Every structure is written in structure tokens, then in C-alpha cells.
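In terms of the working numbering, the sequence shown is residues 17 to 527. We put the CB at the ideal spot given by N, CA and C, even for glycine. It should be emphasised that the depicted structure is a prediction, and the values quoted were computed from it without experimental measurement.
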Amino acid sequence: MTQASAGAYSTQRVRRSLLHFAIGKSATAVLGAALLLVLVRALDRNDYGIYVALLAAFEIVNMVSNTGVLPALMRYTPELRSRGQGRALQTTIGGLSIWRLASLVIAAAALVLFPGPIAELMGVPGQATVVALYAAVIVAEGFARYTDLIFESLLMQGATQVSVLLRTGIRLGGLALLWHAAADKVALVDWVKVEIAASGAGSLAAAVMIWRHLGQLAAAEPGTEGKPDRARVLRYALPSWLAQSVYQMQGPEVVKLLLVRLAGAVEAGAFGFATAIGGIVQRYLPMVLLIGMLRPIFVAQRTRHDDPARLVALANLILKLNVFVIAPATTFFAVGGNTVASTLSGGAFPEAGPYLVAFGFLLAGQTLNLVLGLLALAVEDSRSVLVGTIWGLGGIVAGLVGYRVAGPLALCAGLVLSELLRGFGCSRVLRGHGIVFSFDWPGHAKLWAFAGISALCALPVVTALPGKPGVLAGLALAAVVYLVGTRIVRPFSQFERDTINRALPKPLFTW
17 MTQASAGAYS TQRVRRSLLH FAIGKSATAV LGAALLLVLV RALDRNDYGI
67 YVALLAAFEI VNMVSNTGVL PALMRYTPEL RSRGQGRALQ TTIGGLSIWR
117 LASLVIAAAA LVLFPGPIAE LMGVPGQATV VALYAAVIVA EGFARYTDLI
167 FESLLMQGAT QVSVLLRTGI RLGGLALLWH AAADKVALVD WVKVEIAASG
217 AGSLAAAVMI WRHLGQLAAA EPGTEGKPDR ARVLRYALPS WLAQSVYQMQ
267 GPEVVKLLLV RLAGAVEAGA FGFATAIGGI VQRYLPMVLL IGMLRPIFVA
317 QRTRHDDPAR LVALANLILK LNVFVIAPAT TFFAVGGNTV ASTLSGGAFP
367 EAGPYLVAFG FLLAGQTLNL VLGLLALAVE DSRSVLVGTI WGLGGIVAGL
417 VGYRVAGPLA LCAGLVLSEL LRGFGCSRVL RGHGIVFSFD WPGHAKLWAF
467 AGISALCALP VVTALPGKPG VLAGLALAAV VYLVGTRIVR PFSQFERDTI
517 NRALPKPLFT W
């Protein structure tokens, strides 16, 4: 192992990646939020609901079609990089990339050949033209998402942000031009064409950056040993892919498609808008977004130390950091959700408030399973994730049973239950590897308690001031109460604070 490869996932490299992460995410956060707020206003309510269905179909196809490429990439790229096997890494990623592109093309071909039946199946009859056109988005954006994972696995956060920034910027610019030229609303088919251009440009730029970087690594560290054999890759990747595919039958995307069929495109649009707002929390707030960067770190920790207790401590820390952000957002949505939804959507979806609350709890459950997935990734055990996913099917079944009584919110409750069942099933299997995931109940209780207190303090402000002023003033008050309160009760242990501060330029984290 060379000195360079040994430092590929070092504290210094992590700190530099965090810096790129913070700078890049600040820009993409602004553009991503702006794109969401403009899009929900630019499209007709019904068209926005149809677009939500298209996005849901994309997410499902993107996962189901990967046939094991994505878990293989996330598991073996950090391993080869940390061992200094540059040429083996170049060959492995090259083969996986061809595999991924071929699987996307095959999946997209189905949309081109059978757009009418697929549109009927999605609950959007009469949209065969848009469905066929969206096949190009599946190929281009699917490959762009794949390149994002390559960047993350190599701790190239700067390159990740450049790629995402390029795609989001083209989308926002194209949408602005379309809306300016439109007499009223933007046609859905025109917006899909903008998506094709943005995803295509992003994929091409990312592929060039990856090709150049892998060439440099192969020249600097021409190692060819340690390349995982096909049997080992398939033994890990196929169960992981099966788990990902089964999860699509119990995740938010399938609920979007169910809502289109059961309640119509407008109701699906309200749910989709709420999940998009929740997605901003999930994707753009720094302490939530660390999951992508931590995948290679967990694999490298396992490769170098093989210490289950160390891995569990890191997983607990990441979970608590995410809940530190999720808890106050969820409780604030509980007191001002409809006002927030109406304000952010320009009045298009004022009924989305309860969905915002549901998605907050869902996000907490998803975070639990993300950290359990990190542990499974580190110990190279895809069976635990598969078993957990099978357990989770019970949640979506319960949601469907309750739909007749409670309507769409029953499906939301089923999603949350599904995540809890997934975590239970996965953690049971991980115990066989010595991974005993212990939940810090007192620490999490402190977070949720002060999140609730902060929301109650904000409630009179949100109620007294109408619209945007009430939301902003209430949010500011809730943030101050929450940060001060949690600073007093210290939900994080000394070890957790020290670990966080080692990754920061200065010891700023005092909670």
C-alpha cells in the first residue's frame, strides 16, 4: 500500500472533502430549492402530478435496472482505492460503467416500445408521448446518478458538486426561459426536453472527469492485484440489488404511483411536493448529506481496523447527527405545515401540510436504515439488508389495508412502519457479524423533546402572522429555542463531539 493510497480516506482527505461538500452544497441548495419553487408554479397542477408520477417511475426503474452495479460500485471502489490498486480500479469501474449503461438502455427501450400500456399502468392514460420521451431522461439521468456514486466512493465531493450544479443549473435556466416564453403554464413535454438536455450534459461532463482521474490513478498507482473475482462480486451485489428492488415496492415512489391511481394526479402532486420539500432536508443540509461521503469511509475503516464497536459508534453518531436536523423540521411542519406548503407552492398545494409531517418521520426511519446499510456494506453482508427489506413489506401492506379508513395518510403511516420493520430485520442479521446496534434513547429523547418545545414556541407566531412572514418568524424562533435548549442538555456524548470536531477546521460543535 502506497502512502497516497493509505491517505485516500484519511482525516485530512475527509476534511478537504467536507470543505468541497460545504461550498458545493451551498450553491446546489440554492439552485435546487429555486428549481422546486419555480417548477411547482410553472406547471399546471395536473401536469405537476403527472411529472411526480414520472419521477417516481424513474426512481423505481433506476434502482431495479441496476442489476447489482450500484452495490458493487459502492463496496469495491473504496477497497481498491485504499489498497492502491489503480489499474484494477480503472478496469473495475470501466466494466461496471458499461454494465450500467447497457442496463439503462434496455430499461428505457421498454418505455419507447410500449409507452401506451406503461402510461396506463402508471395511472396517467393519454400521456404516451411524454412517457416515451422520458426514456431519454432515464438513460441520461440514470447514468449521471451513477457517476455521482463514483465520485462519492472516491471522496471526490468537489467533482460531485460540479456535476450536480451543472445539471441543476441547466434545468433552472431552461425552465426560466420556457416560463418566460409561455403564455400561461409550461407544457410538460417541453420541460421533459429540458431535463434531457441537463442530464445529458451532466453525464458527459462527469464521464470525462472520471476517465481523466482514473487514468491519473492508474499511472500513479499501477496496482493490478486485489481485483475482486466475479463470484465474490455477485455474491454480494445480487442480494443487495434484490433488496433494492424489493424496497421499491414499499418506498415513497410506489406510494406516489398508488396515489395517482387511487386519488388522482393532483393528490399525488401534493404528496410529491411534500416529499420534494423533505428531500431538500435530506439532500442539501450538510449533516444529512454525509451519508454519501461516509460509505467509502466505513469500508476503509473495516479494511484497516476490523473493529465492530468502532463501526457501531460511527453509525450511531451519523444517525444522531441526522436526527439533530430532522427532528426540529418535523415538529415545525406539525404546527405550520399547511402554511408552509401553501407559501412554498405559491398556493398550488396548501393541503400538503400533513404529508410534510409524515415525510419528516419517514426521513428519520430512512436514516436509521441508511446507517444500518453502512454497517452491512462495511462487513460485506447484503443478506441483512435483504432480510430487513422483506420485513418492511408488512408496512406497505398495512398502509393499503388502512387506505379505505384513513385515506392517503394511511399509506404514509405504512411507509413509516415499513422503515421500522426494515431496521428491526436488518439489525437482527447484523448481530451474526458482531454488529450490535445500540440505540441512544436518552440522547434522541433530548433531541425530540426540545424539537417539540421549539415548535410550540413558534406556534403563536405562525398563527398570528399570515403567510410567509409568520413562517419565517416562527422558523427563526424555533431554531433559536432548539439550538439553545439542546446546547444546554447536550444530547451528544463527549466522544461524539470530539469525533465531529476532528473533521472540522475548528472545534465548533458543542451540542
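Contact check, residue i vs residue j, beta carbons under 8 Å
i, j, result
"Leu393", "Met90", "yes"
"Gly362", "Val56", "yes"
"Leu117", "Ala292", "no"
"Lys462", "Val500", "no"
"Ile342", "Val297", "yes"
"Gln101", "Lys243", "yes"
"Ser256", "Gly423", "no"
"Gly218", "Ala160", "yes"
"Leu127", "Ala104", "no"
"Thr383", "Val445", "no"
"Gly410", "Leu437", "yes"
"Met79", "Gln260", "yes"
Nearest-angstrom Cα separation, counted from residue j out to residue i
i, j, result
"Ala109", "Thr93", "In the sequence as displayed, the identity of residue 109 is Ile instead of Ala. Looking at the two C-alpha atoms, the distance is approximately 8 Å."
"Pro507", "Ala465", "11 Å"
"Ala144", "Asp63", "14 Å"
"Phe349", "Asn82", "35 Å"
"Met172", "Leu278", "43 Å"
"Ile351", "Ala489", "Residue 351 is actually Val in this sequence, not Ile. Rounded to whole angstroms, Val351 to Ala489 spans 13 Å at the Cα level."
"Gly468", "Thr347", "6 Å"
"Arg97", "Ala235", "13 Å"
"Phe525", "Gly48", "27 Å"
"Ala43", "Thr176", "12 Å"
"Glu512", "Ser443", "22 Å"
"Leu427", "Ala329", "33 Å"
"Pro87", "Ile134", "28 Å"
"Pro238", "Thr515", "34 Å"
"Gly185", "Val421", "43 Å"
"Ala50", "Arg447", "44 Å"
"Leu520", "Trp527", "14 Å"
"Pro302", "Leu327", "Because Pro302 sits at a pLDDT of 48, beneath the cut-off of 50, its placement in the model cannot be relied upon, and the following sentence gives the value as read from the coordinates. Their backbone Cα atoms lie some 21 Å apart in a straight line."
Among the options, the one whose alpha carbon lies nearest that of residue i
i, options, result
"Val210", "Ile122, Phe466 and Val146", "Val146"
"Pro324", "Leu390, Pro507, Val282 and Gln106", "Leu390"
"Val282", "Ala234, Tyr252, Leu327 and Phe365", "Phe365"
"Gly190", "Val205, Gln177 and Gln298", "Val205"
"Glu533", "Gly450, Pro370, Asn332 and Ala43", "No information on residue 533 is available, as it lies outside the stretch 17 to 527 that the chain covers here."
"Ile334", "Phe159, Phe314, Ile469 and Gln177", "Phe314"
"Leu120", "Glu157, Leu59, Arg97 and Val140", "Glu157"
"Gln4", "Arg447, Ile166 and Leu433", "In the structure as shown, the chain begins at 17 and stops at 527. Residue 4 is therefore absent and cannot be evaluated."
"Gln264", "Gly294, Phe74, Phe455 and Leu425", "Phe74"
"Gly353", "Leu96, Leu475 and Met138", "Leu475"
"Val262", "Gly408, Ala357 and Ala199", "Gly408"
"Phe455", "Ile154, Val68 and Lys336", "Lys336"
"Leu493", "Leu127, Leu149, Cys473 and Trp115", "Cys473"
"Val153", "Gln260, Val208, Asp60 and Pro268", "Val208"
"Ala199", "Leu59, Pro482 and Arg518", "Leu59"
"Gly142", "Pro131, Tyr150 and Ile516", "Pro131"
"Asn332", "Trp527, Leu137 and Val452", "Val452"
"Leu529", "Leu425, Leu327 and Ala253", "As shown, the chain starts at 17 and ends at 527. That puts residue 529 outside it, with no answer to give."
"Glu3", "Leu182, Ile226 and Ile122", "No statement about residue 3 is possible, as the shown extent of the chain runs from 17 to 527 and does not include it."
"Ile212", "Trp195, Gly231, Leu230 and Arg187", "Arg187"
"Ser398", "Leu258, Leu233, Tyr150 and Gly139", "Leu258"
"His460", "Val487, Thr502, His229 and Leu481", "Thr502"
"Ala286", "Tyr67, Lys522 and Lys484", "Tyr67"
Chain C within 8 Å of residue i, Cβ atoms only
i, result
"Ala364", "In summary, chain C is missing from the structure at hand, where a single protein chain is found."
Residue environment, residue i, which counts as buried when at least 16 other CB atoms sit within 10 Å
i, result
"Gln510", "exposed"
"Gly439", "buried"
"Val164", "Looking at the sequence itself, residue 164 is Asp, so the reference to Val does not match. Buried, because 16 or more other Cβ atoms sit within 10 Å of the Cβ of Asp164."
"Leu193", "exposed"
"Ile114", "exposed"
"Thr355", "buried"
"Val224", "exposed"
"Ile122", "exposed"
Expected contact under 8 Å - CB spacing of residue i and residue j to nearest Å
i, j, result
"Gly294", "Leu360", "Gly294 to Leu360, Cβ: 12 Å. No contact."
"Gly415", "Leu431", "7 Å"
"Gly404", "Gly441", "4 Å"
"Ile412", "Ser434", "5 Å"
"Val249", "Ala69", "Not quite, the Cβ-Cβ distance comes to about 34 Å (not below 8 Å), so this is no contact."
"Gly376", "Ala357", "Actually they do not touch by this definition, with Cβ atoms about 13 Å apart."
"Glu269", "Ala72", "4 Å"
"Ala284", "Gly65", "5 Å"
"Ser179", "Ala222", "4 Å"
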